[in-house]
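Novice:
Number of protein chains: 2
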Amino acid sequence: MVDAFHDAETVMAHLRALRQELLTTSMEPASDQARSGLTAPQIGLIRSLVVEGSATVTELARRLSLSHSTTSGIVDRLQARGLVSREVDASDRRYTRVRVTEPVQNYTREISQGPYARLTCALAEASPVERKAVLDGLETLRALLAR
Amino acid sequence: MVDAFHDAETVMAHLRALRQELLTTSMEPASDQARSGLTAPQIGLIRSLVVEGSATVTELARRLSLSHSTTSGIVDRLQARGLVSREVDASDRRYTRVRVTEPVQNYTREISQGPYARLTCALAEASPVERKAVLDGLETLRALLAR
DNA sequence: CCTAGATCCGTCGCATACGACGCGTCGTGC
DNA sequence: GCACGACGCGTCGTATGCGACGGATCTAGG
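Line order of the protein sequences matches chains Y and B. Quick note on this note's numbering: the first sequence kicks off at 1 and runs consecutively. Quick note on this note's numbering: the second sequence kicks off at 1 and runs consecutively.
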């Protein structure tokens, strides 16, 4: 039991540090993201629209594992910049389809290597054993919490 | 290298989901935290003060792996509730020592099993192999990013 | 003594992130 | 037809989280 407590602290410290490195500090200097002034969540949302197609706000929230209100706020700011658009569905007026505007559609293909360049590079240089350890660890942790 | 890209998406999805489950939704129904109305970061800060002793704002930020401004904000809200106090150091007036107020000092000992009860329980029920997988995975991921 | 640098702190603006609430819209049952 | 629940959406209030800035304070060098 004492070990579990200590391990919990260790896990939380790891997760906090990872979050900082990947979600907020994920933008490398002189990268596309830094130049465009977009944040990681914003790029993730645009990428989802380009790769998986346009969707409603609730669908986007599900894709990004975010709440509906958070997603709505991100769409707000992207819409204010003219990067995405909202259109009310004609057949069912409850739905609002979110689309990427045309100029972005093309540009995004170039940077579509993803907002997680830092993480992607790190994983590319990792050995198969290391990669497996990372994925197994995260899957195991989530499985433990789901019990 | 396409694999690295796919793995990066998987890792990010895991981290997002874990963050939601542990950092924000970590408060179980009818737990001490839910009753007190405190958030996980707030409890973590108080716990650090009780377990590791009073400290300055910068020291607290280092302990919690947070930025100084974020930590200052958390202290602000705890101070507004009368749970912690700020005292200017007499010898060096630049420093502000943050302390837990007396009523909290005693109460906190009871709930000092940690704000991560959910995670602690999950780890306690995990097999040694599972625990090792979790810790190895997180350590490997951080080592990869530090390269 | 006193200027320069270093250090700590608080604050600001912004972007996430959540739950709760209310509004409009669609289907269903009466 | 029509009330009523279900659903999607936007908004509000609040908390976290960051970088950047400026103010106050100590310390070292002249």
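Think of the CB as a built atom: it goes at the ideal place given N, C-alpha and C, for glycine as much as any other residue.
#1: What residues in the region 61 to 74 of chain B have a beta carbon less than 9 Å from any beta carbon of chain Y?
#2: Give the residues of chain Y in contact with alanine 55 of chain B, contact being defined as C-beta atoms less than 9 Å apart.
#3: Check whether the region 118 to 128 of chain B touches the region 53 to 71 of chain B, counting contact only when three or more Cβ pairs, one atom from each stretch, lie closer than 8 Å.
#4: Give the interface partners of valine 134 of chain Y over in chain B, defined as CB-CB distance under 7 Å, in chain order.
#5: Using beta carbons (cut-off 7 Å, strictly below), is threonine 58 of chain B in contact with chain Y?
#6: Can you list, in chain order, the stretches of the alpha helix (DSSP H) that have 4 or more residues and sit fully within the region 55 to 115 of chain B?
#7: How long is the line joining the alpha carbons of arginine 58 of chain B and arginine 16 of chain B, rounded to whole angstroms?
#8: Would you check if the region 121 to 133 of chain Y and the region 79 to 88 of chain Y touch, i.e. whether three or more CB-CB distances between them fall below 8 Å?
#9: Please list the partners that leucine 45 of chain Y has in chain B, where partner means a Cβ-to-Cβ separation under 7 Å.
#10: Under 8 Å by Cβ, that's how I've got valine 75 of chain Y and valine 51 of chain Y pegged, so tell me the actual separation to the nearest angstrom.
#11: Please confirm whether threonine 120 of chain B has its beta-carbon closer than 7 Å to some beta-carbon of chain Y.
#12: Name the chain B residues whose beta carbon is nearer than 7 Å to that of alanine 7 of chain Y?
#13: Would you grab the beta carbon distance between leucine 144 of chain Y and glutamate 130 of chain B for me? Rounded to a whole angstrom, and I think it's under 8 Å.
#14: Using a Cβ-Cβ cut-off of 6 Å (strictly less than) and excluding sequence neighbours within five positions of valine 104 of chain B, which residues of its own chain qualify?
Specialist: In terms of the structure at hand:
#1: Per Cβ criterion, the list reads Leu64, Ser65, Leu66, Ser67.
#2: Indexing the second sequence from 1 puts residue 55 of chain B at position 55. Result: empty, since nearest Cβ-Cβ is about 17 Å, beyond 9 Å.
#3: Inter-segment contact for the region 118 to 128 of chain B and the region 53 to 71 of chain B is absent: fewer than three beta-carbon pairs are separated by less than 8 Å.
#4: Taking the first sequence and counting its residues from 1, the one referred to as residue 134 of chain Y is at position 134. Ordered by position in chain B, the residues that pass the 7 Å Cβ test against valine 134 of chain Y are Val11, Gly137, Thr140, Leu141.
#5: Indexing the second sequence from 1 puts residue 58 of chain B at position 58. Contacts with chain Y at 7 Å (Cβ-Cβ) do not include threonine 58 of chain B.
#6: 57 to 64, 68 to 80, 102 to 110
#7: Here residue 58 of chain B refers to the residue found at position 58 when the second sequence is read from its first residue. Here residue 16 of chain B refers to the residue found at position 16 when the second sequence is read from its first residue. The sequence shown places threonine at residue 58 of chain B, rather than the arginine named in the question. About 27 Å.
#8: no
#9: As a first step, residue 45 of chain Y is located in the first sequence; it is residue number 45 there, counting from the start. The contacting residues do not exist; leucine 45 of chain Y stays about 13 Å from chain B at best.
#10: Taking the first sequence and counting its residues from 1, the one referred to as residue 75 of chain Y is at position 75. Taking the first sequence and counting its residues from 1, the one referred to as residue 51 of chain Y is at position 51. The Cβ separation is near 17 Å, so there is no contact.
#11: For this step, residue 120 of chain B is matched to residue 120 along the second sequence. It does: the Cβ of threonine 120 of chain B has a partner Cβ on chain Y nearer than 7 Å.
#12: Residue mapping note: residue 7 of chain Y aligns to position 7 of the first sequence, counting from 1. In the sequence on display, residue 7 of chain Y carries aspartate and not alanine. Near aspartate 7 of chain Y (Cβ distances below 7 Å), the residues of chain B are Leu123, Arg131, Leu135.
#13: Locating residue 144 of chain Y in the first sequence gives position 144, where the first residue counts as 1. Locating residue 130 of chain B in the second sequence gives position 130, where the first residue counts as 1. About 6 Å separates the two Cβ atoms, so the contact holds.
#14: As a first step, residue 104 of chain B must be located in the second sequence, where it is residue number 104. Excluding sequence neighbours, valine 104 of chain B sits near Leu83.
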